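Q: Questions regarding the structure given below will be posed in turn.
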Amino acid sequence: MNDRTDSHVDAQRTPGGAAPGNAETMIAIDGVSKRYGDFQALERVDMNIARGEFVVLLGASGCGKSTLLNLITGFDAPTTGQIRVNGRQVKGIDPHCGMVFQQYALFPWLNVLDNVAFGLKMKGIDKATRYATARRYIEMVGLKGFEDRYPKALSGGMRQRVSIARVLANDPDVILLDEPFAALDAMTRQVLQEELLQIYQKSGKTIVFITHSIDEALMLSTRMVIMSARPGRVACDLPNDLPMPRDAEVQLSPRYNELKSQIWNTVQTEVMRSLESQAA
């Protein structure tokens, strides 16, 4: 594996917003490409993600963001290159990664408590311990009192909270979220963004999050990675130095608008490239 240290490491941010003196690499992506037949989804992606970072991936549709997440968690394998999570090369589904999807992916026949405790049950954890753990994370995501409800009785935002609690209960090294709030209304999305930030600061987990929204990226991240038009590469890697904790008022700050303009210029270029390639 390439032992180089990328220049962005000096700009890493911890959950409290301060740069660590010696950032420990949690995810190492080295020369990763992914091809499906004649379709080149990713091409030589290099990226190091430090323990405790909240990295948001931005880019035009079809630029390989979801493909990269699937490679990190081991749902798929790179055509070339390799990925390491906490020093271990990813070979097959990695139990140290937890994924939250855009669709809620809950078991409709299980109530909230049993959905959150499901992964612990599969690990053979005794009932008392797994229920105590599940209740702790249900409370963390603001659903205390809803343990006996079934998914059909929950709103979209509540279902996504259950999905996040289920991932947290399994205590993964890395949490991957693929546009988890995209289907929610604006007000619910804002509430869940703030709750996710609180969970991030409490847990100190390493998070990789996909979005198409620049505002969402600025609200959540400690670092933003913009992917190029297909084939996906890293077009821009930018630290987010907005202070934490954050809420909706951060959008009023001059620095917020400076960063938004900088990101938009890059995203706009890549979106135009994507449209041109589709028209060709």
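Each step along the sequence shown adds one to the number in my numbering, with nothing skipped, and position 193 is 237. Just so you know, even glycine gets a beta-carbon here, dropped at the ideal spot from N, CA and C. Since this is a predicted model, take the numbers as computed values, not measurements.
Which residues bound the beta strand (DSSP E) around residue 78?
A: Stepping through the sequence shown from its first residue, residue 78 is reached at position 34. For residue 78, the enclosing beta strand (DSSP E) begins and ends at 69-80.
Q: With a threshold of 16 other CB atoms inside 10 Å of the CB of residue 122, please say whether the residue is buried or exposed.
A: Within the sequence shown, numbered from 1, the residue matching residue 122 stands at position 78. Classification for residue 122: buried.
Q: Rounded to whole angstroms, how far is the Cβ of residue 220 from the Cβ of residue 141, which I believe are closer than 8 Å?
A: Numbered from 1 along the sequence shown, position 176 holds the residue referred to as residue 220. Numbered from 1 along the sequence shown, position 97 holds the residue referred to as residue 141. About 6 Å separates the two Cβ atoms, so the contact holds.
Q: Do residue 164 and residue 174 have their C-beta atoms within less than 8 Å of each other?
A: The residue labelled residue 164 in the question sits at position 120 within the sequence shown. The residue labelled residue 174 in the question sits at position 130 within the sequence shown. Their beta carbons are under 8 Å apart, which means residue 164 touches residue 174 by this criterion.
Q: Please determine, among 130, 288 and 191, the residue with the shortest C-alpha to C-alpha distance to residue 244.
A: Here residue 244 refers to the residue found at position 200 of the sequence shown. Considering only 130, 288 and 191, the residue with the shortest C-alpha distance to residue 244 is 288.
Q: Along the chain, where does the alpha helix (DSSP H) that runs through residue 112 open and close?
A: Numbered from its first residue, the sequence shown carries residue 112 at position 68. From DSSP, the alpha helix (DSSP H) with residue 112 extends over 109-117.
Q: Would you list the residues sitting across from residue 235 in a DSSP beta bridge?
A: Within the sequence shown, residue 235 is the residue found at index 191, counting from 1. Answer is none; residue 235 lacks a bridge partner.
Q: For residue 109, count neighbouring Cβ atoms within 10 angstroms of its own Cβ and tell me buried if that reaches 16, exposed if not.
A: Residue numbering aside, residue 109 sits at position 65 when the sequence shown is read from its first letter. Around the Cβ of residue 109, a 10 Å sphere holds 16 or more other Cβ atoms; the residue is buried.
Q: Which partner residues does residue 162 have in the DSSP bridge list?
A: In the sequence shown, residue 162 corresponds to position 118, counting from 1. Residue 162 pairs with nothing; no bridge assigned.
Q: For residue 128, which beta-bridge partners are listed by DSSP?
A: Counted from its first residue, the sequence shown places residue 128 at position 84. For residue 128, DSSP records a beta bridge to 72 and 133.
Q: Could you tell me which of 277, 105, 256 and 270 sits nearest to residue 283, measuring between CA atoms?
A: Mapped onto the sequence shown, residue 283 falls at position 239. Comparing Cα-Cα distances from residue 283 to each of 277, 105, 256 and 270, the minimum goes to 270.
Q: Take residue 126 as the anchor and find which of 161, 88 and 107 has the nearest alpha-carbon.
A: One-based indexing of the sequence shown puts residue 126 at position 82. The residue with the shortest Cα to Cα distance from residue 126 is 88.
Q: Counting only the same chain and skipping the five closest in sequence on each side, list residues whose C-beta sits under 8 Å from that of residue 314.
A: The count along the sequence shown starts at 1 and reaches residue 314 at position 270. If we look at residue 314 and ignore the five residues flanking it on each side, its Cβ neighbours are 103, 104, 107, 270, 271, 272, 273 and 279.
Q: Using C-beta distances below 8 Å, list every residue in its chain close to residue 148, excluding the 5 sequence neighbours before and after it, in chain order.
A: As a position in the sequence shown, residue 148 is number 104, starting the count at 1. So the list reads 195, 200, 203, 204, 206 and 207, once near-sequence residues are dropped.
Q: Expressed to the nearest angstrom, what Euclidean distance is found between the alpha-carbon atoms of residue 310 and residue 236?
A: Mapped onto the sequence shown, residue 310 falls at position 266. Mapped onto the sequence shown, residue 236 falls at position 192. Residue 310 and residue 236: Cα-Cα distance of roughly 27 Å.
Q: When the Cα atoms are used, what is the spatial distance from residue 179 to residue 138?
A: Position 135 of the sequence shown, counting from 1, holds the residue named residue 179. Position 94 of the sequence shown, counting from 1, holds the residue named residue 138. When rounded, the distance between both Cα atoms is 25 Å.
Q: Distance check for residue 306 and residue 316, CA to CA, integer angstroms please.
A: Position 272 of the sequence shown, counted from the start, is the residue given in the question as residue 316. Position 262 of the sequence shown, counted from the start, is the residue given in the question as residue 306. Roughly 16 Å between the two C-alpha positions.
Q: Output needed for residue 249: all residues of its chain with C-beta closer than 6 Å, excluding positions within five of it in sequence on either side, in chain order.
A: Start at 1 with the first residue of the sequence shown, and residue 249 comes out as number 205. Excluding residues within five positions, the ones whose Cβ falls inside 6 Å are 219.
Q: Below 8 Å on the Cβ atoms is my contact criterion, and I expect residue 146 with residue 226 to pass it. Report the Cβ-Cβ distance as a whole number of Å.
A: Locating residue 146 in the sequence shown gives position 102, where the first residue counts as 1. Locating residue 226 in the sequence shown gives position 182, where the first residue counts as 1. Between residue 226 and residue 146 the Cβ distance is about 5 Å, and since that is below 8 Å, they are a contact.
Q: Roughly how many angstroms separate the alpha carbons of residue 277 and residue 254, rounded to a whole number?
A: Position 233 of the sequence shown, counted from the first residue, corresponds to residue 277. Position 210 of the sequence shown, counted from the first residue, corresponds to residue 254. Residue 277 and residue 254 have their alpha carbons spaced roughly 15 Å apart.
Q: Between 154, 242 and 228, which has its C-alpha nearest residue 184's C-alpha?
A: The count along the sequence shown starts at 1 and reaches residue 184 at position 140. Of the candidates 154, 242 and 228, the one whose C-alpha sits nearest the C-alpha of residue 184 is 242.
Q: Going by Cα to Cα distance, which pick from 177, 252, 233 and 232 is closest to residue 215?
A: The residue given as residue 215 occupies position 171 in the sequence shown. Nearest of 177, 252, 233 and 232 to residue 215, Cα basis: 177.
Q: Below 6 Å CB to CB, which residues in the same chain sit around residue 72 once its five sequence neighbours on both sides are set aside?
A: What you label residue 72 is simply residue 28 of the sequence shown in a count that begins at 1. So the list reads 92 and 128, once near-sequence residues are dropped.
Q: Consult DSSP for residue 325 and reduce its assignment to one of helix, strand or coil.
A: Look at the range of the chain in this structure, 45 to 324, and you will see that residue 325 is not part of it.
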